[in-house]
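Residue numbers for the sequence shown follow UniProt numbering, beginning at 1 and rising by one.
Note that beta-carbon positions come from the ideal geometry of N, C-alpha and C, so glycine has one too.
Taking it in order: structure first as structure tokens, then the write-up.
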Amino acid sequence: MSFPRVPLGEIFDIARGGSPRPIDAYITDASDGVNWISIKDASNSSKYIKKTKKKILQSGALKSRRVKPGDFLLTNSMSFGRPYILQTDGCIHDGWLVLSGDERIVDQDFFYHVLGSDHTYRQFSSIAAGAVVKNLNTTLVKTVLVPLPPLSEQRRIAAILDKADALRAQRRTAIAKLDELLQSVFVEMFGDPVTNPKGWPIRKIADLLDSVKYGSSDKATQEGEIPILRMNNLTYSGQIELSELKYITAKQADEKYLVEPGDILFNRTNSKELVGKTAVYEGPIPMAYAGYLVRGRVNQSNAPEYISAFLNSVWGKAILRNMCKNIVGMANINAREFGTIELPVPPSELQRKFQHYVRAVRAQKQRMQEGAKKLDELFASLQQRAFSGKL
Numbered sequence: 001m002s003f004p005r006v007p008l009g010e011i012f013d014i015a016r017g018g019s020p021r022p023i024d025a026y027i028t029d030a031s032d033g034v035n036w037i038s039i040k041d042a043s044n045s046s047k048y049i050k051k052t053k054k055k056i057l058q059s060g061a062l063k064s065r066r067v068k069p070g071d072f073l074l075t076n077s078m079s080f081g082r083p084y085i086l087q088t089d090g091c092i093h094d095g096w097l098v099l100s101g102d103e104r105i106v107d108q109d110f111f112y113h114v115l116g117s118d119h120t121y122r123q124f125s126s127i128a129a130g131a132v133v134k135n136l137n138t139t140l141v142k143t144v145l146v147p148l149p150p151l152s153e154q155r156r157i158a159a160i161l162d163k164a165d166a167l168r169a170q171r172r173t174a175i176a177k178l179d180e181l182l183q184s185v186f187v188e189m190f191g192d193p194v195t196n197p198k199g200w201p202i203r204k205i206a207d208l209l210d211s212v213k214y215g216s217s218d219k220a221t222q223e224g225e226i227p228i229l230r231m232n233n234l235t236y237s238g239q240i241e242l243s244e245l246k247y248i249t250a251k252q253a254d255e256k257y258l259v260e261p262g263d264i265l266f267n268r269t270n271s272k273e274l275v276g277k278t279a280v281y282e283g284p285i286p287m288a289y290a291g292y293l294v295r296g297r298v299n300q301s302n303a304p305e306y307i308s309a310f311l312n313s314v315w316g317k318a319i320l321r322n323m324c325k326n327i328v329g330m331a332n333i334n335a336r337e338f339g340t341i342e343l344p345v346p347p348s349e350l351q352r353k354f355q356h357y358v359r360a361v362r363a364q365k366q367r368m369q370e371g372a373k374k375l376d377e378l379f380a381s382l383q384q385r386a387f388s389g390k391l
């Protein structure tokens with residue numbers, strides 16, 4: 001059995017949000033304020049938006065767009081096309097599209113899967129306007145074709161996909177717990193860095209390094225021989241993510257811009273929330289690093305995993321937030337300032353013990369991530385079968 005493909009505009013009323021300006025003039029704590037739904041109220045781990053952090057004045061709501069529980073919201077720029085189901089009412093800014101459907105023909109859970117599917121995303125991507133920042137145009141979104149089974153079939157398919165999606169969520173949760181485990185082990189082995197209960201000597205990071213270097217300022221492209229690590233390749237939790245790599249030529253890849261296994265990479269310029277992201281390069285392929293990163297080469301007496309764990313801890317991130325300088329909307333911590341950060345320094349053998357533990361956990365995490373990738377592929381295949389009437 002195949003299902004008809006119907007334009008979204010025939011199933012949903014679709015509109016773009018709007019913002020009263022300047023928005024700060026309309027933010028309020030008043031009891032009669034209207035929920036102001038921001039991208040910050042959405043979570044990658046949930047399909048629902050249940051509450052908001054801010055409210056706007058009634059006068060601001062008149063210049064915005066009202067939405068209600070049960071509506072779908074789509075992110076409208078940057079990571080465009082991500083769907084959420086509203087469980088609150090309020091107003092939305094122009095970074096959102098709202099899709100309002102008739103519950104007599106629309107099952108929420110089914111269309112959440114449809115809107116978030118690879119097939120729908122590819123259509124969104126092909127119609128996205130803007131050369132630099134992609135965004136969605138309501139007129140074009142209305143033309144995107146989606147399956148429209150009978151309501152009873154929508155519910156049956158949604159139940160199957162929900163169960164499969166729950167398995168993926170469980171795997172993601174298990175992976176996240178490995179990061180929490182490392183944080184717990186850090187505190188157990190070394191104590192709270194603020195109070196330093198074990199009495200470790202306090203040193204500057206520069207004392208633990210053989211060298212500190214800025215990265216390459218050469219323009220990276222999609223082509224080239226040598227991959228180059230940029231600030232987006234460092235995760236907030238302290239790992240190196242190798243998706244969306246860019247490249248430089250072998251001629252550009254001066255030896256001083258190459259990283260070796262065990263080098264620390266420090267993100268010196270970013271938003272205030274993200275500046276100071278730190279990760280240890282583990283190899284094995286040759287890579288360069290870009291100018292917004294600082295490379296710290298650790299001396300033989302210390303373990304890079306210990307330094308990175310300290311900087312990625314809640315204590316380390318608090319230090320980084322307090323010391324960064326704002327420059328044209330970005331926060332900055334230069335190489336010299338990076339070297340002045342003070343931290344407790346445990347004995348070398350204890351750092352090495354932590355290093356071995358980190359590497360074992362990272363290896364386990366990589367295996368679990370590979371398993372999660374396979375689950376994602378199977379889920380995409382299941383969706384394709386479901387939406388084509390073959391489930």
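Segment contact: the region 203–214 against the region 351–367, fewer than three CB-CB distances shorter than 8 Å; contact not assigned. Taking the CA atoms as reference points, Pro346 sits about 37 Å from Lys246. Non-local C-beta neighbours of Gly371 in its own chain, meaning closer than 7 Å and more than five positions away in sequence, comprise Arg171, ordered along the chain. By the CB criterion at 8 Å, Phe3 and Leu181 fall outside the cutoff. Leu73 sits away from Phe12, with the two beta carbons spaced by 8 Å or more. If you check the CB distance, Arg230 and Phe338 do not come in under 8 Å. Judged by beta-carbon spacing, Gly215 lies within the 8 Å limit of Ala290, meaning their Cβ atoms are closer than that value. Comparing alpha carbon positions, the residue from Glu225, Pro304, Pro83, Gly283 closest to Ile264 is Pro304.
Apart from sequence neighbours up to five positions away, the residues of its chain that approach Asn334 with a beta-carbon distance below 7 Å are Arg268, ordered along the chain.
Per DSSP, the beta bridge partners of Lys54 are Trp36. For Arg104, the closest of Ser152, Ile85, Phe310, Asn137 by C-alpha to C-alpha distance is Ser152.
Shown here, Glu241 sits in coil according to DSSP, grouped into three states, outside any helix or strand. Note on Ser117: 16 or more other CB atoms within 10 angstroms of its CB, so buried under the neighbour-count rule. Our two residues, Glu225 and Asn233, have alpha carbons roughly 18 Å apart in a direct line.
Beyond the five residues adjoining it in sequence on each side, Ser125 comes within less than 6 Å, by CB distance, of no other residue in the same chain. Scanning Val275, Glu282, Met287 for the CA closest to the CA of Glu255 turns up Met287. For Gly17 against His93, the beta-carbon gap comes to about 5 Å, under 8 Å, which counts as contact. Of all alpha-carbon atoms in Arg5, Asn302, Ile240, the one lying nearest the alpha-carbon of Pro150 is that of Arg5. Proximity to Asp32 across Asn302, Ile56, Leu382, Lys50 peaks at Ile56, based on C-alpha coordinates. Shown here for Lys54: same chain residues with a beta carbon closer than 6 Å to its own, the five before and five after excluded, namely Ile27, Trp36 in chain order. Proximity to Lys50 across Asp71, Arg65, Ala61 peaks at Asp71, based on C-alpha coordinates.
The DSSP-derived three-state label of Met1 is coil.
In this structure the region 155–166 does not touch the region 307–326; the number of beta carbon pairs closer than 8 Å is below three. Checking the DSSP bridge columns, you'll see Arg16 partnered with Leu97. In the three-state reduction of the DSSP assignment, Leu148 falls in the coil class, being assigned neither a helical nor a strand state.
Excluding its 5 nearest sequence neighbours in each direction, Arg168 has C-beta neighbours in its own chain below 8 Å: Ala372, Leu375, Asp376, Phe379, listed in chain order.
With a threshold of 16 other beta carbon atoms within 10 Å, Arg385 falls short and is exposed. Judged by beta-carbon spacing, Ala220 lies within the 8 Å limit of Ile248, meaning their Cβ atoms are closer than that value.
Beta-bridge partners assigned by DSSP to Pro83: Leu74.
When the Cα atoms are used, Leu161 and Asp109 turn out to be separated by approximately 9 Å. For the 8 Å CB-CB criterion, Arg336 and Ser211 do not form a contact.
For the set Phe190, Gln366, Leu115, the Cα lying nearest the Cα of Thr75 is the one of Leu115. Taking 8 Å as the cut-off, the Cβ atoms of Gly276 and Lys317 count as close. Here Thr278 carries a strand assignment [DSSP, helix/strand/coil]. Taking 8 Å as the upper bound for CB-CB distance, Tyr84 and Ala30 are not in contact here, some 26 Å apart.
For Glu377, there is no enclosing beta strand (DSSP E); the residue is found in the alpha helix (DSSP H) stretching over 348–387.
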